[in-house]
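Numbering follows this note's numbering, with no gaps: position 23 of the sequence shown is 105.
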Amino acid sequence: MLEILCIFEHAELNKFILKLAQKAGKQLSLTTPLVDAALPDGSRAQITYSDIISSKGSSFTIRKFKADPMTPADLVTGGTYSSELMAYIWLAVENRKSMIIAGGTASGKTSTMNAASFFIPDVAKIVSIEDTREIQLPHINWLPMRTCESTASISSGNIDMFSLLRAALRQRPEYIIVGEVRGAEAQALFQAMNTGHTTFSTLHAGNVNETVNRLTNDPINVPVAMFGALDLIVVQGLFYGEGKGFRRCLSLHEISTSDEKIIWKPLFVWDHKTDSFVKVFDESMVFDSIAYQNGWSKDELEKRLINRKNTLDQLRLNGKTTPSEVASAIQDLILTERG
Numbered sequence: 083m084l085e086i087l088c089i090f091e092h093a094e095l096n097k098f099i100l101k102l103a104q105k106a107g108k109q110l111s112l113t114t115p116l117v118d119a120a121l122p123d124g125s126r127a128q129i130t131y132s133d134i135i136s137s138k139g140s141s142f143t144i145r146k147f148k149a150d151p152m153t154p155a156d157l158v159t160g161g162t163y164s165s166e167l168m169a170y171i172w173l174a175v176e177n178r179k180s181m182i183i184a185g186g187t188a189s190g191k192t193s194t195m196n197a198a199s200f201f202i203p204d205v206a207k208i209v210s211i212e213d214t215r216e217i218q219l220p221h222i223n224w225l226p227m228r229t230c231e232s233t234a235s236i237s238s239g240n241i242d243m244f245s246l247l248r249a250a251l252r253q254r255p256e257y258i259i260v261g262e263v264r265g266a267e268a269q270a271l272f273q274a275m276n277t278g279h280t281t282f283s284t285l286h287a288g289n290v291n292e293t294v295n296r297l298t299n300d301p302i303n304v305p306v307a308m309f310g311a312l313d314l315i316v317v318q319g320l321f322y323g324e325g326k327g328f329r330r331c332l333s334l335h336e337i338s339t340s341d342e343k344i345i346w347k348p349l350f351v352w353d354h355k356t357d358s359f360v361k362v363f364d365e366s367m368v369f370d371s372i373a374y375q376n377g378w379s380k381d382e383l384e385k386r387l388i389n390r391k392n393t394l395d396q397l398r399l400n401g402k403t404t405p406s407e408v409a410s411a412i413q414d415l416i417l418t419e420r421g
C-alpha cells in the first residue's frame with residue numbers, strides 16, 4: 083500500500099468531497115451524508131459528509147481498478163490457483179456449469195469471476211449485472227448492465243439487480259454474471275439456473291458452510307430444492323505473510339441435493355503448510371456429467387484437462403498474461419478440440 087501524507091483542513095475536505103460526489107453525479111448533503119458512487123474513470127468511491135457519520139468528520143475512500151482485468155494466467159502466475167485447479171474450472175465454465183465464488187472482503191472474488199469468464203466460448207451470449215462496472219470481457223456478444231439509483235427524492239427511478247436480472251432473462255443469454263448477491267436477487271439468480279441459464283456470482287462468506295448458510299437464511303432465503311442447479315462453489319481468501327498480502331483459493335466444492343439436504347463435496351483444498359492445492363477426489367458428479375454430455379471416456383476427459391493445464395502452464399512460462407493473449411490461447415484450444 084502506498085502511503086501519502088496529505089492533510090486536509092475540515093472546510094477544505096468538505097469542499098473536495100462535494101466536488102467528488104458531483105463528478106459522480108451524486109448529491110451529498112446533511113440529509114444524505116453517505117454516498118456510494120462510480121467516478122468517471124470507473125473507480126468506486128465511498129464518501130461520508132460532515133460529522134453526522136463519523137465524529138472525525140468527512141471522509142472518502144476511492145477504490146481503483148486495473149485498466150486490464152486479471153486473467154486466468156495472472157491467477158496461476160501469482161499462485162492464487164494452480165494450473166491443475168484452474169484447468170478444472172476452465173472445463174466447468176466451458177461446459178456451462180454454474181458457480182458461486184465466495185470469500186471475505188478484498189479476497190479477489192470479482193477478479194477470479196472475471197478471469198474464469200475468459201473460459202466462456204466466444205460465440206456465447208453473456209449478460210453481466212453489477213452495481214459498479216468491474217467485469218471486463220473480450221467477448222463480442224457481451225452485454226454489461228449496471229444498477230441505477232434515482233437522484234430524485236423518490237425511488238421510482240431506481241433500477242436494482244432484481245429488475246436487471248428479470249430483464250436479462252428476457253434476452254435469452256447462455257451465461258449470466260452477477261457482481262454480488264445480497265438479497266432478493268439471489269432467488270432470481272437461482273431461478274435462472276433452474277431454467278437452463280449458466281450463472282456466476284460472488285458472495286461474502288468465509289467458507290462453503292457459511293456460503294450455504296447465507297444463501298438459505300434471511301435475507302436471501304433460497305429454497306433447498308433450487309440448489310440442484312448450482313454446480314460449484316469456489317472459496318477464496320486474503321492472507322498476510324512477510325509483510326505483504328496474498329490471495330489463495332481455499333477450496334473447490336461440488337454441490338448436490340438429497341432428501342431436502344444440501345451436500346457439498348470437496349474437490350480441491352489448499353494446504354497452507356506447503357502452499358499447494360491438493361486434489362481430494364476420485365469421482366465427481368460435475369465432471370462425470372461433462373464427460374457424459376460430450377460422449378467422452380474417462381481417458382478423454384483426463385486428456386482434455388491435461389490440455390488445459392498445459393495451455394495455462396505455457397502462458398505462465400512464456401509470460402503471456404495479457405487479456406488478448408490469454409483469450410486467444412483459450413479459444414484456439416477450444417476450436418482445435420472441436421476439429
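Just so it is clear, CB atoms sit at the ideal spot from N, CA and C, and this is done for glycine as well.
*Could you tell me if Gln104 is buried or exposed, where buried requires 16 or more neighbouring beta carbons within 10 angstroms of its beta carbon?*
As a first step, residue 104 must be located in the sequence shown, where it is residue number 22. Exposed, because fewer than 16 other Cβ atoms sit within 10 Å of the Cβ of Gln104.
_Met181 - partner residues in DSSP beta bridges_ = Locating residue 181 in the sequence shown gives position 99, where the first residue counts as 1. Phe282 and Leu314.
*Which residues in the same chain have their Cβ closer than 6 Å to the Cβ of Ile236, if we skip the five residues on either side of it in sequence?*
One-based indexing of the sequence shown puts residue 236 at position 154. The pLDDT assigned to Ile236 is 47, lower than 50, so where the model puts this residue is not dependable, and the model offers no usable value.
*What residue does the alpha helix (DSSP H) around Met195 start on, and which one ends it?*
In the sequence shown, residue 195 corresponds to position 113, counting from 1. That run of the alpha helix (DSSP H) goes Lys191 to Ala198.
*Which of helix, strand or coil does DSSP assign to Lys78?*
Lying before the first or after the last residue shown, residue 78 is absent from the chain, which here runs from 83 to 421.
*For the alpha helix (DSSP H) containing Gln218, list its first residue and its last residue.*
Walking along the sequence shown from the start, residue 218 turns up at place 136. Where Gln218 is concerned, there is no enclosing alpha helix (DSSP H), given that its DSSP letter is neither H nor E.
*Under the assumption that Ala287 contacts Thr281 (Cβ atoms under 8 Å), give the Cβ distance between them as a whole number of angstroms.*
Position 205 of the sequence shown, counted from the first residue, corresponds to residue 287. Position 199 of the sequence shown, counted from the first residue, corresponds to residue 281. At roughly 17 Å, the Cβ-Cβ gap does not stay under 8 Å, so Ala287 and Thr281 are not in contact.
_Where the beta strand (DSSP E) containing Tyr257 begins and where it ends_ = Here residue 257 refers to the residue found at position 175 of the sequence shown. Element bounds for Tyr257: Tyr257 to Val260.
*Applying the criterion that 16 or more other CB atoms from any shown protein chain within 10 Å of the CB defines a buried residue, is Gly185 buried or exposed?*
Indexing the sequence shown from 1 puts residue 185 at position 103. The residue is buried, with at least 16 neighbouring Cβ atoms inside 10 Å.
*asked:* Looking at Asp133: is its Cβ nearer than 9 Å to the Cβ of Gly139?
replied: Counting from one through the sequence shown, the residue named residue 133 turns up at place 51. Counting from one through the sequence shown, the residue named residue 139 turns up at place 57. Yes, they are a contact pair.
*Over what stretch of residues does the alpha helix (DSSP H) that includes Pro203 continue unbroken?*
Your numbering for residue 203 matches position 121 in the sequence shown. No alpha helix (DSSP H) holds Pro203; DSSP gives it neither H nor E.
*Nearest neighbour of Trp352, chosen from Thr293, Ser338 and Asn289 [CA to CA]*: In the sequence shown, counting from the first residue as 1, residue 352 sits at position 270. Looking at the Cα atoms, Asn289 is the closest of the given residues.
*Give, in chain order, every unbroken run of the alpha helix (DSSP H) that is at least 4 residues long and sits entirely within the segment 342 to 402.*
367 to 376 and 380 to 399
*asked:* Strictly by DSSP, which residues pair up with Glu336?
replied: Translated into positions along the sequence shown, residue 336 becomes position 254. In the DSSP output, where bridge partners are listed per residue, Glu336 has Leu314 and Lys347.
*Find the nearest neighbour of Thr284 within the set Val362, Pro226 and Met181, judged by alpha-carbon distance.*
Position 202 of the sequence shown, counted from the first residue, corresponds to residue 284. Closest by alpha carbon: Met181.
*Answer with buried or exposed for Met367, where buried requires no fewer than 16 other C-beta atoms within 10 angstroms of its C-beta.*
Numbered from 1 along the sequence shown, position 285 holds the residue referred to as residue 367. Exposed is the call here.
*Would DSSP call Phe321 helix, strand or coil?*
The residue labelled residue 321 in the question sits at position 239 within the sequence shown. Strand, per DSSP.
*Measure the Cβ-Cβ separation of Asp357 and Gly160 and say whether it is below 9 Å.*
Counting from 1 along the sequence shown, the entry for residue 357 is found at position 275. Counting from 1 along the sequence shown, the entry for residue 160 is found at position 78. Contact: no.
*Thr404 to Ala155, Cα distance in whole Å?*
One-based indexing of the sequence shown puts residue 404 at position 322. One-based indexing of the sequence shown puts residue 155 at position 73. So the two alpha carbons sit approximately 8 Å from each other.
*Would the segment 223 to 230 and the segment 189 to 209 be scored as touching if the rule is three or more Cβ pairs under 8 Å?*
yes
*Would you call the CB atoms of Thr298 and Ile344 closer than 9 Å?*
Here residue 298 corresponds to residue number 216 of the sequence shown, with the count starting at 1. Here residue 344 corresponds to residue number 262 of the sequence shown, with the count starting at 1. For Thr298 and Ile344, yes; Cβs fall inside 9 Å.
_Rounded distance between the beta-carbons of Ser189 and Leu320, thought under 8 Å_ = To locate residue 320, count along the sequence shown from 1; it is residue 238. To locate residue 189, count along the sequence shown from 1; it is residue 107. That belief holds up - the Cβ atoms of Leu320 and Ser189 are roughly 5 Å apart, short of 8 Å.
*asked:* With distance defined between alpha-carbon atoms, name the residue in Lys391, Leu417 and Ile412 nearest to Tyr170.
replied: Within the sequence shown, numbered from 1, the residue matching residue 170 stands at position 88. Nearest option by C-alpha distance: Lys391.
_Proximal residues to Asp313 (C-beta, below 8 Å), its chain only, five neighbours per side dropped_ = For this step, residue 313 is matched to residue 231 along the sequence shown. Ala174, Lys179, Ser180, Met181, Glu336, Ile337 and Val368, listed in sequence order.
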